[in-house]
Amino acid sequence: MNLLNKDTICAIITPPGNSTLGGVRISGSNAYPIAQAVFNPEHAHLLYERCLQRGRVRLSFRVYTEAYIVSPAEEYADGFIYTFIAPHSYTCEDSVEIFIPGSPPLLQALLRSVTQAGCRLAEAGEFTFRAFINGRLSLGAAESVERLIHAQTESQRREAINRLQSGIEHEIASWKRELLLLAGTLETVIDFEDEDIPEDLEFELKDKLLRLAEDTQTLAQSCSSQHKPADFSGTRVTLAGLTNSGKSSLLNVLLGTASAIISAERSTTRDHTEHHLLIGDLNFIIEDCPGVDLESSVIAHTATCRARDRFQAGDILIILFDSNQNNIPELTGLISHLPPCRAIVVFNKSDLPQLLDKSVILQQLGEHIEVITSLTVSTLTGSGIDELKSAIYAEGMNDSSCSSGVGISAREEEELNYAAKHARLAVEALDMGAELAAIELREAYEALARLGGEGYAEDILENIFSRFCIGK
Numbered sequence: 323m324n325l326l327n328k329d330t331i332c333a334i335i336t337p338p339g340n341s342t343l344g345g346v347r348i349s350g351s352n353a354y355p356i357a358q359a360v361f362n363p364e365h366a367h368l369l370y371e372r373c374l375q376r377g378r379v380r381l382s383f384r385v386y387t388e389a390y391i392v393s394p395a396e397e398y399a400d401g402f403i404y405t406f407i408a409p410h411s412y413t414c415e416d417s418v419e420i421f422i423p424g425s426p427p428l429l430q431a432l433l434r435s436v437t438q439a440g441c442r443l444a445e446a447g448e449f450t451f452r453a454f455i456n457g458r459l460s461l462g463a464a465e466s467v468e469r470l471i472h473a474q475t476e477s478q479r480r481e482a483i484n485r486l487q488s489g490i491e492h493e494i495a496s497w498k499r500e501l502l503l504l505a506g507t508l509e510t511v512i513d514f515e516d517e518d519i520p521e522d523l524e525f526e527l528k529d530k531l532l533r534l535a536e537d538t539q540t541l542a543q544s545c546s547s548q549h550k551p552a553d554f555s556g557t558r559v560t561l562a563g564l565t566n567s568g569k570s571s572l573l574n575v576l577l578g579t580a581s582a583i584i585s586a587e588r589s590t591t592r593d594h595t596e597h598h599l600l601i602g603d604l605n606f607i608i609e610d611c612p613g614v615d616l617e618s619s620v621i622a623h624t625a626t627c628r629a630r631d632r633f634q635a636g637d638i639l640i641i642l643f644d645s646n647q648n649n650i651p652e653l654t655g656l657i658s659h660l661p662p663c664r665a666i667v668v669f670n671k672s673d674l675p676q677l678l679d680k681s682v683i684l685q686q687l688g689e690h691i692e693v694i695t696s697l698t699v700s701t702l703t704g705s706g707i708d709e710l711k712s713a714i715y716a717e718g719m720n721d722s723s724c725s726s727g728v729g730i731s732a733r734e735e736e737e738l739n740y741a742a743k744h745a746r747l748a749v750e751a752l753d754m755g756a757e758l759a760a761i762e763l764r765e766a767y768e769a770l771a772r773l774g775g776e777g778y779a780e781d782i783l784e785n786i787f788s789r790f791c792i793g794k
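Letter by letter, the sequence shown follows residues 323 to 794 of my numbering.
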């Protein structure tokens with residue numbers, strides 16, 4: 323996206339698929355003339371004011387003849403239009419939103435009609451990008467819009483909304499003002515090179531810088547979201563166990579569908595599979611891994627190595643044991659393959675005679691991992707499954723990525739920590755001279771400025787906004 327590009331842009335702003343209403347947004351200096359070219363109001367009324375009005379919308383279709391030649395055709399549909407006068411719009415530009423019945427072919431025809439009138443199709447995230455460039459949103463708030471778009475659960479939605487409604491920008495602006503005042507004080511001292519910094523002034527400067535460093539670091543730590551990737555769709559739950567311990571059966575029971583193949587044959591699962599699981603208002607990705615097989619065959623060894631790698635990739639590890647088998651030596655081998663982690667321990671087949679000494683297993687596990695809880699279930703009767711779902715949900719709530727607090731992006735956390743670091747370095751530099759302290763103070767200020775998007779190169783901004791969907 324070009325920072326200086328002032329084209330009038332358009333995009334469909336409603337979700338894909340059929341709906342009662344669908345809309346196209348137009349934003350830019352020519353929004354009103356373009357809207358007038360495709361919209362005939364019921365009553366003679368100027369569009370150059372903030373209003374809502376009904377009318378007929380011109381749609382442009384492409385009709386193909388028998389010879390597969392495109393023949394343009396125009397039709398009209400009932401619709402209505404919202405107009406927004408700059409700067410009172412999302413983009414701070416003149417904006418128009420046209421709504422018609424939400425059939426995909428009708429919306430495409432409306433979009434075609436708008437582009438024929440002189441509009442350009444918006445790039446991904448370009449509306450929000452213009453809101454940022456025009457001062458409507460800070461860069462951090464714009465990133466929160468992106469997280470809101472991709473929210474998969476109520477908790478993630480609340481976190482994004484809280485960030486948009488938080489006063490973080492006001493705090494950052496206050497810190498910037500404080501740094502500017504401190505920088506001015508240092509520059510005054512530098513102007514008088516023959517004079518040392520007065521002791522009381524040096525104490526005051528150090529105290530303010532240390533408080534600022536503490537405040538910025540506290541904000542970074544308290545609002546961190548663990549920064550899942552943009553396509554994050556849930557906390558990852560990984561199933562671990564020996565081959566034929568019942569992992570695939572447990573997966574099917576949790577999902578409520580026969581997603582995994584179940585067989586008495588060993589090593590039915592040869593590679594990991596992923597499935598979406600919703601418990602309460604939290605989304606999880608549940609992963610069934612190959613069973614750990616201590617046989618010496620090449621295939622068994624390869625599958626076990628793959629499973630061990632996947633154990634380390636999960637957020638929640640569920641270790642499954644067959645309580646109908648007294649196979650302590652094999653289970654000791656399984657435990658040796660587990661990474662240091664927190665895990666839910668599940669003893670399966672409670673409907674059969676309990677031959678496994680669970681206390682021995684829990685003692686061995688305690689030497690390698692942190693056991694969150696241990697449960698006994700039956701994938702055949704469903705006994706204990708609700709308790710297991712509750713344990714998974716509780717651990718998911720502990721995952722800060724699913725918190726309902728104020729989440730900040732990895733970029734914001736990095737800049738806050740950078741500002742804190744250089745504020746502390748400025749304190750140390752004061753003992754060596756005002757010039758060195760001024761350099762560190764400038765680094766801290768620039769980090770806070772970058773939080774709002776100041777000083778970022780165009781390619782970095784484009785990378786951030788490219789993660790948005792078209793129409794946002």
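Where is the CB? At the ideal position from N, CA and C, for every residue including glycine.
Since the model is a prediction, treat every value here as computed from it, not as a measurement.
- Message: Rounded to whole angstroms, what is the Cα-Cα separation between Leu738 and Ser571?
- Response: Computed Cα separation, rounded: 46 Å.
- Euclidean distance between Cα positions of Leu461 and Ala713: 37 Å
- At a cut of 8 Å, does the region 757 to 766 reach the region 561 to 576 through at least three beta carbon pairs? Put simply, the region 757 to 766 does not touch the region 561 to 576. Fewer than three CB pairs are less than 8 Å apart.
- Beta carbon of Gly447, beta carbon of Ile356: below 9 Å? no
- Query: From Arg480, Thr336, Leu343 and Pro409, pick the residue whose C-alpha is nearest to that of Arg372; which is it?
  - Reply: The shortest C-alpha separation from Arg372 is found at Pro409.
- Buried or exposed by the 16-neighbour rule on C-beta atoms within 10 Å, applied to Arg533: exposed
- Beta bridge counterpart(s) of Gln375 as assigned by DSSP: Ile403
- Message: Taking 9 Å as the threshold (C-beta atoms), are Ser435 and Leu381 in contact?
- Response: yes
- Leaving out five residues on either side along the sequence, give the residues of the same chain with a beta carbon under 8 Å from the beta carbon of Gln647. Leu677 and Leu678
- Item | Paired residues, beta bridge with Arg558 - DSSP | DSSP, once it has assigned bridges, lists Ile607 as partnering Arg558.
- Item | Outcome for Lys671 when other beta-carbon atoms lying within 10 angstroms are tallied against a minimum of 16 | The residue in question, Lys671, is buried, as its Cβ has 16 or more Cβ neighbours within 10 Å.
- CA-CA distance, Cys414 and Arg458? 7 Å
- Message: Which residue wins for smallest C-alpha separation from Arg530, given the options Ile512, Ser496 and Ile348?
- Response: First, the amino acid is wrong: residue 530 is Lys here, not Arg. Relative to the Cα of Lys530, the nearest Cα in the group Ile512, Ser496 and Ile348 belongs to Ser496.
- Query: Exposed or buried, Ile422, counting other C-beta atoms within 10 Å across all chains shown (16 or more means buried)?
  - Reply: In the assembly as shown, Ile422 is a buried residue. Its beta-carbon has 16 or more other beta-carbons within 10 Å.
- Sheet register partners of Tyr767 (DSSP bridge): Bridge partners of Tyr767: none, in fact.
- Item | 8 Å CB neighbourhood of Glu795 in its chain, flanking five on each side removed | With the chain running from 323 to 794 in the structure shown, residue 795 is simply not present.
- Task: Please list, in chain order, all residues of the same chain as Val823 whose beta carbon is under 7 Å from its beta carbon, the five residues on each side excluded.
- Result: This structure leaves residue 823 out entirely; the chain is present only between 323 and 794.
- In three-state DSSP terms, what is Val699? coil
- Proximal residues to Ala769 (C-beta, below 8 Å), its chain only, five neighbours per side dropped: Glu737, Leu738, Tyr740, Ala741 and His744
- Same chain, Cβ closer than 8 Å to Val467, five either side skipped, listed in chain order: Non-local C-beta neighbours of Val467 in its own chain, meaning closer than 8 Å and more than five positions away in sequence, comprise Thr450, Leu459, Ala482, Leu486, Phe790 and Lys794, ordered along the chain.
- For Tyr398, which beta-bridge partners are listed by DSSP? Arg380
- 9 Å Cβ cutoff met for Val667 and Leu684: In contact: Val667 and Leu684 (Cβ atoms closer than 9 Å).
- Item | Length of the line joining the Cα atoms of Glu599 and Ile608 | Per the sequence presented here, residue 599 reads as Leu, with Glu not at that position. For Leu599 and Ile608, the distance between alpha carbons rounds to 7 Å.
- On the three-state DSSP scale, how would you describe Cys724? Its pLDDT being 43, under 50, Cys724 is placed unreliably in this model, and the value from its coordinates should be taken loosely. Looking at Cys724 - three-state DSSP - the assignment turns out to be helix.
- Give the DSSP bridge partners of Cys332, in chain order. Answer is Ile348 and Leu443, bridged to Cys332.
- Query: In three-state terms, what does DSSP make of Glu419?
  - Reply: strand
- Item | Residues that DSSP places opposite Ala665 in a beta bridge | Leu639 and Val693
- Message: Please report the distance separating the alpha-carbon of Leu639 from that of Thr330.
- Response: 51 Å
- Item | Proximity below 9 Å, CB of Glu397 to CB of Ala431 | yes
- 7 Å CB neighbourhood of Phe383 in its chain, flanking five on each side removed: Ala395, Glu397 and Ala431
- Distance between Arg376 and Leu429 (C-alpha atoms, nearest Å): 17 Å
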